[in-house]
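**Q**
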Amino acid sequence: MKQKLESITQPDDAFPTYDEAIWTTVGYIPKGKVATYGYIAALAGFPRTARAVGRALSKLPDNTTIPWFRVINAKGVISFPIGSEKYGCQKQKLLNENIVLYNGKINLKRYHWEI
DNA sequence: GCGTTGACGGCGG
DNA sequence: CCCGCCGCCAACG
């Protein structure tokens, strides 16, 4: 993985596959910060593919080191059914980084990652 | 090729 | 602020 930050903004076939591009980009989200699906898609070089980002993340193995839990939707909400195991898992990982939810929502003004 | 399916986004009501 | 509708787009059957 020799890709550097600059390649995030200028992807041009910098990655072999769409999934690789997404996973790598997600890996750049700093601890304590979050990013929306659409934002990740744009940085990876595939604007308007927010939905596909979720699909790509769903392919990750359970033991992955990629911080998939730092990706939330544009409303600042975890994109899993409230109360589901996945939901609780993601919420816990975020809390571990001091990212708090207020009424189920994360304050994007405060926690969203900006390049 | 075509219709369906999502860990989505934005806008209007 | 909370829906709901519609647009988007990569997989999958």
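Number 7 in UniProt numbering belongs to position 7 of the first sequence; there are no gaps in the numbering.
Cβ atoms here follow ideal geometry from the backbone N, Cα and C, with glycine treated the same way.
Please read these numbers as outputs of a predicted model, since none were measured by experiment.
1) Cα-Cα, which of Ile-78, Lys-93 and Asn-103 is closest to Gly-54?
2) Distance, Cα to Cα, Lys-91 vs Phe-69?
3) Pick from Pro-61, Phe-46, Thr-64 and Leu-95: whose alpha carbon is nearest that of Thr-17?
4) With a floor of 4 residues, list each alpha helix (DSSP H) that falls wholly inside the stretch 23–69, ordered by position along the chain.
5) As a quick exercise: from Cys-89, Ala-56 and Ile-106, pick the residue whose alpha carbon is nearest that of residue 119.
6) Determine the burial state of Thr-65: buried for a count of at least 16 other Cβ atoms within 10 Å of its Cβ, exposed for fewer.
7) Report the rounded CA-to-CA distance for Val-100 versus Ile-29, giving the unit in angstroms.
**A** Reading from the atomic positions:
1) Ile-78
2) 8 Å
3) Phe-46
4) 37–44 and 50–58
5) Since the first and last residues shown for the chain are 1 and 115, residue 119 lies out of range.
6) It is exposed - the Cβ of Thr-65 has fewer than 16 other Cβ atoms within 10 Å.
7) 17 Å
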